[in-house]
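Asker:
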Ligand code: OFO
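Numbering (my numbering), first residue to last: -19 to 152.
1. Could you round the C-beta distance between residue 47 and residue -13 to whole angstroms and report it? I think they count as a contact, below 8 Å.
2. Using only Cβ atoms and a threshold of 6 Å, which residues come within that distance of a heavy atom of ligand 1? Order them by chain position.
3. Under a Cβ-count criterion, where at least 16 other Cβ atoms within 10 Å of its own Cβ denotes burial, should residue 95 be classed as buried or exposed?
4. Closer than 8 Å is the cut-off here; do at least three beta carbon pairs connect the region 17 to 36 with the region 137 to 145?
5. Locate the alpha helix (DSSP H) running through residue -11, then write down its first and last residues.
6. Looking only at its chain, what residues have a beta carbon closer than 7 Å to the beta carbon of residue 3, apart from the 5 residues adjacent to it on each side?
7. Residue -15: which of 85, 68, 79 sits nearest, CA to CA?
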């Protein structure tokens, strides 16, 4: 059984996961305008993954006897001037998400809610992976400088190396 605070915080995180999806879709479109089609595909895949993160948490709230209440989703920024600006903003965003997940863990621990604490471990591990891959993207983008074609080749490799979230991890 979730505490009221835990339920509210999980609902806020679900909304934030949808916001992440929204943000990455917007970024994908900005990259499309820049002619960066591989990087666009990378962000489309990232947006889909964020939606899956939201759905996985919805499933948990429902299974735990909580009530899902979705919040409003803010409009994301849409004025990125370069691929590097997109990559750097993504890294900042992911660091913020990591902080939010850690705050959820702190709530679960304070509630002595060991089921939620255990469930959130998947999100902690996922954030480690995501921050590492976005850091790699930032580095590649910085190193590429004006060589956008070279960057697209590297991003294509990253995209091919991506592994989708296994169905059993989604739990839905
Ligand atoms: Fe939802 O995984 Fe990062 O943001």
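In this text, a Cβ means the ideal position worked out from N, Cα and C, and glycines have one as well. This structure is a prediction, so every number in the text was calculated from the model and none was measured.
Answerer: So, to answer that:
1. Between residue -13 and residue 47 the Cβ distance is about 6 Å, and since that is below 8 Å, they are a contact.
2. Taking a cut-off of 6 Å from the heavy atoms of ligand 1, the residues with a C-beta inside it are -3, 0, 30, 33, 74, 77, 106, 107, 110.
3. Exposed, because fewer than 16 other Cβ atoms sit within 10 Å of the Cβ of residue 95.
4. Segments in contact, yes.
5. Where residue -11 is concerned, the enclosing alpha helix (DSSP H) stretches over -16 to 13.
6. Cβ neighbours of residue 3 beyond the five flanking positions: 56, 73.
7. Residue 85 is the option with its Cα nearest to residue -15.
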